[in-house]
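Written below as structure tokens is the structure these notes are about.
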Amino acid sequence: MYYNGVYHLFYQYNPHGSVWGNIVWAHSVSMDLINWIPLEPAIYPSKVFDNYGTWSGSATILPGNKPIILYTGVVDANKTQVQNYAIPANLSDPFLRKWIKPDNNPLIVADVNINKAQFRDPTTAWLGRDGYWRTLIGSVLGNKGLTIMYKSKSFMKWKKVQHPLHSVNDTGNWECPDFFPVLLDGTNGLDASYNGKIAKHILKVSLDVTRFEYYTVGTYDTKKDRYTPNNTSIDGWKGLRLDYGNYYASKSFYDPSKNRRIMWGWSNESDTVDDDFKKGWAGIQTIPRKLWLDPTGKQLVQWPIQELQTLREQKVQLSNCKLEKGDKIEVKGITPAQADVEVTFSFSSLDKAEPFDPSWADLYAQDVCAIKGSKVQGGLGPFGLLTLASKKLEEYTPVFFRVFKAQDKYKVLMCSDASRSTLENGKTMYKPSFAGYVDVDLTNKTLSLRSLIDHSVVESFGAGGKTCITSRVYPTLAIYDNAHLFVFNNGTEAIKIETLNAWSMGKPKMNWSFGHSSY
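The UniProt record's numbering puts the first residue of the sequence shown at 1, with every later residue one more than the last.
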């Protein structure tokens, strides 16, 4: 939420341990989305309508510049869920430290036709031209995932709309829905209440059964309160993902100060619970991303916020470097364990692109990546980066492209493969091959890649942010000053590094002087 010059991040947090439980709404504030001041929790279980849990929700700015939070409260041991609200105790406090949960909660209670134990995560509300506020709540009916819509004139008395905004069979429970407009042309963001001819709408849901983020681009009929995906947007498990890696429960907000929409995501750990205990923490927020609609109108584009560049320090550059089959070049002069790398590759011909096996059509991209890893020689690719690599390559996390020739077009596969990321035992460590296809025009015979590397996380953006992959990795050798970064090509077609810019990244400032209260 952005309010009176301050960014507010609310997030699910256990103040008593590094495992799930005792969840409160932690609260941090920032002037630039990079440097943060943690405050005392804004919301925590304390009343009959949330005594068993204060779960996820969203903030809305009401007329008169008044912020309000809608959140899910758990009321009993059966996990019965209701929707509550909280408001700031003192609007003159620039940080909005204290929040009040009025006694007229809950605002929304599930009726007999709703699964009360799967009824959560209200969206930011939007104001329609008819004067009604609307919000969505994620749920499931049988095995049909759905977003239930409620509307209200006063924001205090809500009525369920007769039908869901949208639903899809065989997708299971929908968590953390997000619904917002995007401009058809340009990169600027829109307030949630905008609805006009120059915009489309995005419906994003987090599928509990797969733990991935899916979205569609479509049209919102305000009179019928129906959402219809475009015919180019596939609903369900085969559809577009915000991120093809370890990224879940995302939430966007409109930033009026810079006229943009920003997305936050949660990246959970891939090691064991015992490791979490040892670390004393678990889970991270990924780098905030600006997002907008691609000029084709078929998908979103995501890119790290501009403010991240303030952390850039030492810089190295490479250009016009040719990589033959089997070549690799080390990128020296930066801190590879904490870096920002942007590279553009080019190739002279598409003739050596491998045939795309028709049997792969029914596989997910990550399955093809597992078959065609970074060490499996191809024609055009694999080429890309070896991140968090040990000197002798006992450990490395490759982020790379492979180009295939299908019947009627070229297919670009982007992978982030954690299978060789650590020498830790694979039986206790989740080391997946994450991957997605990149919808990109190869007429210019170039592909770009940006990777943000931060010790245990690698966030990568292919083709200017059309395909994004977040990986959590835990090297034992490639740590701190012993980490290395390479550019590689294991395809028979020579690849050229047109430009590579890499920076060591500094640390953001975190001020813990406010401490935490007991609750």
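Beta carbons: idealized from backbone N, C-alpha and C, even for Gly.
- For Ala370, the enclosing alpha helix (DSSP H) begins and ends at 365 to 371.
- The beta-carbon distance between Ala463 and Val440, rounded to whole angstroms, is 4 Å. This is short enough to meet the 8 Å contact definition.
- Burial state of Val48 is exposed, judged by a 10 Å Cβ sphere holding fewer than 16 other Cβ atoms.
- When the Cα atoms are used, Met1 and Gln162 turn out to be separated by approximately 30 Å.
- Annotated three-state conformation of Tyr430 is coil, per DSSP.
- Excluding sequence positions up to five before and after Leu500, its CB lies within less than 6 Å of the CB of Leu318, Val343, all in the same chain and listed in chain order.
- The shortest C-alpha to C-alpha distance from Tyr215 to any of Trp174, Ile100, Gln83, Ser448 is the one to Trp174.
- Per DSSP, the continuous alpha helix (DSSP H) segment holding Phe277 begins and ends at 273 to 279.
- Taking all protein chains shown into account, Val140 has 16 or more neighbouring C-beta atoms within 10 Å of its C-beta and is therefore buried.
- In terms of Cβ geometry, Thr123 and Leu107 do not form a close pair [threshold 7 Å].
- According to DSSP, Phe383 shares a beta bridge with Phe401, Asn489.
- For the stretch 313 to 369, the full-length beta strand (DSSP E) segments reaching 3 residues or more read 328 to 330, 338 to 346 along the chain.
- The three-state reading of DSSP puts Asn35 in coil, since its state is none of H, G, I, E or B.
- Residue pairing by DSSP places Thr499 opposite Ser319, Thr344 in a beta bridge.
- The shortest C-alpha to C-alpha distance from Asn444 to any of Leu350, Ile100, Ile23, Gly465 is the one to Leu350.
- Look at Leu107 here: in three-state DSSP terms it is coil, with no helix or strand label.
- Runs of the beta strand (DSSP E) spanning 3 or more residues and lying entirely within the stretch 167 to 191 occur at 174 to 183, in chain order.
- In this chain, Tyr480 is not harboured by any beta strand (DSSP E), its DSSP state being neither H nor E.
- Per DSSP, the continuous beta strand (DSSP E) segment holding Tyr214 begins and ends at 212 to 221.
- Cβ-Cβ separation between Asn246 and Asn268: approximately 6 Å, consistent with a contact (criterion under 8 Å).
- A direct Cα-Cα distance of roughly 10 Å separates Ser206 from Thr171.
- With a contact defined as Cβ atoms closer than 8 Å, Pro432 and Phe401 miss out at about 18 Å.
- Annotation for Ile453: Ala339, Thr387 place their beta carbon closer than 6 Å to its own, counting only its chain and skipping 5 residues before and after.
- Looking from the CA of Leu293, the closest CA among Ser58, Val182, Phe10 belongs to Val182.
- In this chain, the beta strand (DSSP E) harbouring Tyr254 covers 248 to 255.
- By the neighbour-count criterion, in which a residue is buried when 16 or more other Cβ atoms sit within 10 angstroms of its Cβ, Ser416 is buried.
- A buried status is given to Gly189, since no fewer than 16 other beta-carbon atoms sit within 10 Å of its beta-carbon.
- In this structure, the CA atom of Arg312 is about 28 Å from the CA atom of Ala26.
- Under the 8 Å Cβ criterion, the stretch 110 to 117 does not count as touching the stretch 56 to 64, having fewer than three qualifying pairs.
- Taking all protein chains in view, the Cβ of Lys204 is crowded by 16 or more other Cβ atoms within 10 Å, so the residue is classified as buried.
- Burial state of Arg134 is buried, judged by a 10 Å Cβ sphere holding 16 or more other Cβ atoms.
- Straight-line spacing of the CA atoms in Met414 and Trp99 works out to 44 Å.
- At a Cβ-Cβ threshold of 7 Å, Ala86 and Ile43 count as neighbours.
- Taking C-alpha positions only, Leu91 is separated from Ala478 by approximately 48 Å.
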